[in-house]
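Here's the structure we're looking at; comments come further down.
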Amino acid sequence: MAGFIILVQVLALTMAAPMEASGMQAFEDTSSVWNVVWYIVVILLFTAFILFIIKTNKKYILHAVILFAVVATMYYVLIAFIPVVPAIILTLALAALLYKFPEWYVIDVTGVLVGAGASAIFGISFEVLPTIIFLILLMVYDIISVYKTKHMITLAEGVMELHVPILFVVPKRKDYSFVKHDFSKKLDDGEEEERGAFFMGLGDAVMPTILVVSANVFLPLAYPDLPLLFGSVVLPAFLAAVGTLIGYAVLMVVVMGGKPQAGLPFLNTGAILGYVAGCLIAGISVIPAMPVV
Numbered sequence: 002m003a004g005f006i007i008l009v010q011v012l013a014l015t016m017a018a019p020m021e022a023s024g025m026q027a028f029e030d031t032s033s034v035w036n037v038v039w040y041i042v043v044i045l046l047f048t049a050f051i052l053f054i055i056k057t058n059k060k061y062i063l064h065a066v067i068l069f070a071v072v073a074t075m076y077y078v079l080i081a082f083i084p085v086v087p088a089i090i091l092t093l094a095l096a097a098l099l100y101k102f103p104e105w106y107v108i109d110v111t112g113v114l115v116g117a118g119a120s121a122i123f124g125i126s127f128e129v130l131p132t133i134i135f136l137i138l139l140m141v142y143d144i145i146s147v148y149k150t151k152h153m154i155t156l157a158e159g160v161m162e163l164h165v166p167i168l169f170v171v172p173k174r175k176d177y178s179f180v181k182h183d184f185s186k187k188l189d190d191g192e193e194e195e196r197g198a199f200f201m202g203l204g205d206a207v208m209p210t211i212l213v214v215s216a217n218v219f220l221p222l223a224y225p226d227l228p229l230l231f232g233s234v235v236l237p238a239f240l241a242a243v244g245t246l247i248g249y250a251v252l253m254v255v256v257m258g259g260k261p262q263a264g265l266p267f268l269n270t271g272a273i274l275g276y277v278a279g280c281l282i283a284g285i286s287v288i289p290a291m292p293v294v
């Protein structure tokens, strides 16, 4: 799972520059906090829609909506690197594969690409301040939805039955099949059947990576002389990535208790603290004053 997070971060950093050059920012004003408010509202509305579909047992509608969103994101990822016609062909091929054969390795490969693409698009669309506010609000929402209302657990269980690429799957045994996994199956004593794989939501990799990309895109604009690691990564972005992995390690210790846990409080906090540490070490402001273009 940590490897998936690293892959998403590396690919997102790689995708950010060509996507920015192609004008794929979601907003013209990347500094506006209102963009964050708008996205939070969209997330809440979409969550309500998913819960309604699950409750009414019309999951085929949800399946179609999620597949469309995934395939559309993949198309935007591809056109940043290849011509439109090959991008359309590959996108349609992916859609057919996801519909007909959503095995765990297909889900994982798609999840990495879609997660990286989504992280890059958000990262180039939000400057650092809106990004940090976004991550904090998502942490609060994750805590409430997992520990208080617990509707996120219901949502996750309902979506997993659809076998769609909005999560990562790591099998515990060689013969595991995600396609054949019956998430609704129970044992005689009422306990849920032991799952043959580990699962992590795609958002747990995407959300902290947004800060990694945002820092790497916007800090060089405010501080042109900021040294680069590996030739293209600023220190605050690198330490935000490291902080994400540290937060993930702490999360795994807590998860060993056997109960579902909200991931974003650990992952987002790690990313934010890593970013702040990077800024302090580099001697720059945590919230940079962006130049007027």
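For the sequence shown, my numbering assigns the number 2 to the initial residue and increments by one for each residue that follows.
Glycine included, every Cβ here is placed at the ideal spot set by N, Cα and C.
Residues of its chain near residue i, where Cβ-Cβ distance is below 6 Å and the 5 sequence neighbours each way are ignored
i: V243; result: G275
i: L281; result: none
i: G271; result: G244, T245, I247, G248
CB of residue i within 7 Å of CB of residue j, strictly
i: M341; j: V115; result: This structure leaves residue 341 out entirely; the chain is present only between 2 and 294.
i: T132; j: I211; result: yes
i: F267; j: G248; result: yes
i: I6; j: A206; result: yes
i: A1; j: L246; result: For residue 1 there is no data in the structure shown, the boundaries of the chain being 2 and 294.
i: A96; j: S23; result: no
i: M20; j: A121; result: yes
i: A238; j: V213; result: yes
i: N269; j: P209; result: yes
i: A17; j: V218; result: yes
Where residue i falls: helix, strand or coil (DSSP)
i: G202; result: strand
i: P289; result: coil
i: V234; result: strand
i: V243; result: helix
i: P225; result: coil
i: V165; result: coil
i: V42; result: helix
i: V170; result: strand
i: D61; result: As written in the sequence, residue 61 is Tyr, which differs from the Asp given in the question. The answer is helix: DSSP assigns Y61 an H, G or I state.
i: Y77; result: helix
i: T150; result: coil
i: P299; result: Lying before the first or after the last residue shown, residue 299 is absent from the chain, which here runs from 2 to 294.
Backbone CA spacing between residue i and residue j [nearest angstrom]
i: L99; j: V160; result: 15 Å
i: Y40; j: D30; result: 14 Å
i: G112; j: G284; result: 36 Å
i: L139; j: T57; result: 27 Å
i: I137; j: A94; result: 37 Å
i: V254; j: A117; result: 26 Å
i: K59; j: W105; result: 24 Å
i: T92; j: A223; result: 37 Å
Close Cβ partners of residue i (< 7 Å) along its chain, the five nearest in sequence each way excluded
i: P221; result: L227, V235
i: T215; result: Here the sequence assigns Ser to residue 215, which means Thr is not the residue at that position. Taken in chain order, the residues that qualify are G124, F127, E128, V129, T132.
i: A119; result: T74, V207
i: V171; result: M2, A198, F199
Contacting residues, own chain, Cβ-Cβ under 8 Å from residue i (five flanking each side not counted)
i: P103; result: H164, V165, P166, F179, V180
i: D143; result: M153, A263, G264, L265, P266
Subject >> Meets three-Cβ-pair contact criterion under 8 Å: the stretch 50-66 and the stretch 11-23 >> reply: Counting C-beta pairs with one atom in each stretch, the stretch 50-66 and the stretch 11-23 have fewer than three that are closer than 8 Å, which means they do not touch.
**OP:** Could you say if the stretch 170-181 and the stretch 134-149 meet the contact criterion of at least three C-beta pairs nearer than 8 Å?
**Re:** Put simply, the stretch 170-181 does not touch the stretch 134-149. Fewer than three CB pairs are less than 8 Å apart.
Original post:
Hey, is the stretch 123-138 in contact with the stretch 32-43, meaning 3+ C-beta pairs nearer than 8 Å?
Top reply: These segments touch.
Original post:
Within the chosen definition, does the stretch 46-61 reach the stretch 154-169 through at least 3 CB pairs nearer than 8 Å?
Top reply: When C-beta atoms of the stretch 46-61 are compared with those of the stretch 154-169, three or more pairs fall below 8 Å, so the two segments count as touching.
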